[in-house]
């Protein structure tokens, strides 16, 4: 008896480029908003938003492009570092102490690692 094979899902290159750009733009706008609340000038606020947008979009693109060549443990660590570092940077811009930013960043990174490792472990062979 022949079984029908399930077609493999392939995301196009458009999603691989658009998703990091959208994430970067949203992050850059939010970073710019937080910088404005902390009293930065308009030029500095714009520069912080653009730089953080470009850096996060580039890191998301690189991680999305090369994640399948990493073992699941390193892939989970990479996602944890990206998410934890991003949240920690936003917290540090808000004017809180550096200790608060580091603790929050480590907690978010640990939670992200657990979720991503579980996701990769369950969905891979």
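In this note's numbering, the protein residues as written are 1 to 125.
C-beta atoms are modelled at their ideal positions from N, C-alpha and C, and glycine is treated no differently.
Nothing here was measured: the structure is a model prediction, and the numbers come from that model.
Let me know the secondary structure DSSP gives residue i once reduced to three states.
{"i": "residue 73", "result": "helix"}
{"i": "residue 95", "result": "coil"}
{"i": "residue 41", "result": "coil"}
Tell me the residue span of the alpha helix (DSSP H) that contains residue i.
{"i": "residue 32", "result": "13 to 37"}
{"i": "residue 67", "result": "Premise fails: residue 67 is in no alpha helix (DSSP H) and is neither H nor E."}
At the level of alpha carbons, what is the spacing between residue i and residue j?
{"i": "residue 58", "j": "residue 65", "result": "10 Å"}
{"i": "residue 15", "j": "residue 107", "result": "29 Å"}
{"i": "residue 44", "j": "residue 94", "result": "15 Å"}
{"i": "residue 116", "j": "residue 69", "result": "16 Å"}
{"i": "residue 67", "j": "residue 50", "result": "25 Å"}
{"i": "residue 30", "j": "residue 101", "result": "17 Å"}
{"i": "residue 17", "j": "residue 26", "result": "15 Å"}
{"i": "residue 98", "j": "residue 89", "result": "10 Å"}
{"i": "residue 32", "j": "residue 42", "result": "9 Å"}
{"i": "residue 96", "j": "residue 87", "result": "13 Å"}
Taking residue i and residue j to be in contact with their CB atoms under 8 Å, please state how far apart those CB atoms are, rounded to whole angstroms.
{"i": "residue 119", "j": "residue 84", "result": "Between residue 84 and residue 119 the Cβ distance is about 16 Å, and since that is not below 8 Å, they are no contact."}
{"i": "residue 48", "j": "residue 35", "result": "5 Å"}
Less than 7 Å between the beta carbons of residue i and residue j, yes or no?
{"i": "residue 91", "j": "residue 104", "result": "yes"}
{"i": "residue 56", "j": "residue 78", "result": "no"}
{"i": "residue 53", "j": "residue 28", "result": "yes"}
{"i": "residue 80", "j": "residue 109", "result": "yes"}
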